[in-house]
Amino acid sequence: MAQTETKVLTAHVPLQLVEKVDQMAARLERSRGWIMKQALLAWVDQEEERSRLTREALADVDAGRVIEHQAVQAWADSLSTDTPLPLPLPC
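With the numbering used here applied, the sequence shown covers -5 to 85.
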C-alpha cells in the first residue's frame, strides 16, 4: 500500500475540547491524531457542500427561480394549522 504524504498542522485548542477529544480517542481506541483528522475531514466536506449549495442558490437567483417572502411566510405559518398550504414553488 502506498503511503500518502502528510504534513503536521498545529492549533491552539481549548483544554475542555482536548479533554473531549482524548475521551473519544480512548473510547474508540484510536489516537488523538486520528480523531482530529476525522474531524477536519468532516469539516472540509461540510464547507465544500455549503459552498456548492451557495453557488447553486445564487445561480437560481440569477435565473429568476425565487419564491416570494410572503409566500414562504404564509406557508410556514400554515404548518401549525389543520390545513397547511402546499409548499410554495418558484415564480
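Note that CB positions come from ideal geometry on N, CA and C, so glycine has one too.
If you draw a straight line from the alpha carbon of Q97 to that of A51, how long is it in whole angstroms?
Residue 97 cannot be examined here, being either before or after the span of the chain that is shown, -5 to 85.
Would you tell me roughly how many angstroms separate the C-alpha atoms of R44 and R59, rounded to the nearest one?
Along the sequence shown, one-based indexing puts residue 44 at 50. Along the sequence shown, one-based indexing puts residue 59 at 65. Going by the C-alpha atoms only, they are around 19 Å apart.
How about M30: is its Cβ closer than 7 Å to a heavy atom in the ligand MG?
This structure lacks the ligand MG; in fact it carries no ligand of any kind.
Spatially closest choice to I29 from E13, E42, E41 and Q40, by CA coordinates:
Along the sequence shown, read from residue 1 onward, the residue named residue 29 stands at position 35. Cα-wise, what sits closest to I29 is E13.
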